[in-house]
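In my numbering, the protein residues as written are 2 to 189.
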Amino acid sequence: MEAIMYLGKGKFPPVKFFISVIYHDSGDLDAVVAAVRESIGEISTPSESFPFDFTDYYEPEMGSPLFRIFLPLKKTGPADGILPIKKACLELEARFSEKNRRKVNLDPGYIDLYKLVLVSEKYLGHKIYIGEGICADMVLLLGKKQVTPFRWTFPDFKSGNYDNYILELRKNYLQQLKNEGILPGPKA
2 MEAIMYLGKG KFPPVKFFIS VIYHDSGDLD AVVAAVRESI GEISTPSESF
52 PFDFTDYYEP EMGSPLFRIF LPLKKTGPAD GILPIKKACL ELEARFSEKN
102 RRKVNLDPGY IDLYKLVLVS EKYLGHKIYI GEGICADMVL LLGKKQVTPF
152 RWTFPDFKSG NYDNYILELR KNYLQQLKNE GILPGPKA
């Protein structure tokens, strides 16, 4: 893992927020992307749609086949900014539900200098409660050219299918921090 820099005691760099969307119907996805832009914020370059086939957990509710796409937000912010984003995602899930069944699953998260974190209402032993009924789940360690999962990391994140996109997202995030004068280095 490369050392980036120590910002000082009590100083934390802004994080790069994203929303992971699991969906079945691309028409629903288009509507969700528009709703995310309207209620949460502008989106930078989304990932491709990846098959979501490591579990059938969501299929009874949402159908199959399922796909996952990552929608990175343009803005950065303090890590605790994830709480209102999660609340907005819960509202969007409810808005896009029919007969108490979700058509999309929206899980926000963020990357910082060293890790990828997802947030959820589900509590498990390794997750950390961060307030308002939300838990943080450190899913991956991130390095310059390396993505390292944990024992508890979801199988689809362990598979390596998302690694290239996540590394590119991290590279763009680090450049954004340089452009904002938070990290040293040339501005793009």
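Even glycine gets a Cβ: it sits at the ideal position worked out from N, Cα and C. Just so we're clear, the structure is a prediction, and the values are computed from it rather than from any experiment.
Going by the CB atoms, is the gap between residue j and residue i shorter than 7 Å?
i	j	result
residue 105	residue 33	yes
residue 19	residue 162	no
residue 67	residue 23	yes
residue 71	residue 21	yes
residue 192	residue 119	Outside the shown range of the chain, which is 2 to 189, sits residue 192, and nothing can be said about it.
residue 143	residue 179	no
residue 94	residue 107	yes
residue 40	residue 75	no
residue 84	residue 135	yes
residue 102	residue 62	yes
Would you call residue i buried or exposed, if buried means 16 or more other Cβ atoms sit within 10 Å of its Cβ?
i	result
residue 56	exposed
residue 110	buried
residue 87	buried
residue 154	buried
residue 137	buried
residue 48	buried
residue 187	exposed
Determine the DSSP secondary structure at residue i, reduced to helix, strand or coil.
i	result
residue 115	coil
residue 45	coil
residue 151	coil
residue 69	strand
residue 102	strand
residue 10	coil
Sort out for me which residues DSSP pairs residue i with in a bridge.
i	result
residue 17	77, 112
residue 26	For residue 26, which the question treats as bridged, DSSP gives no partner whatsoever.
residue 53	BP columns for residue 53 are empty, so no partner.
Which residues bound the beta strand (DSSP E) around residue i?
i	result
residue 189	Unbroken run through residue 189: none, as it is neither H nor E.
residue 130	129 to 132
Along the chain, where does the alpha helix (DSSP H) containing residue i start, and where does it finish?
i	result
residue 141	Where residue 141 is concerned, there is no enclosing alpha helix (DSSP H), although the beta strand (DSSP E) it sits in stretches over 135 to 143.
residue 96	83 to 96
residue 174	164 to 180
residue 159	156 to 159
Tell me whether residue i counts as near the ligand HEM, meaning its Cβ is closer than 6 Å to at least one heavy atom of that ligand.
i	result
residue 25	As far as ligands go, the structure on display features none, and thus does not contain the ligand HEM.
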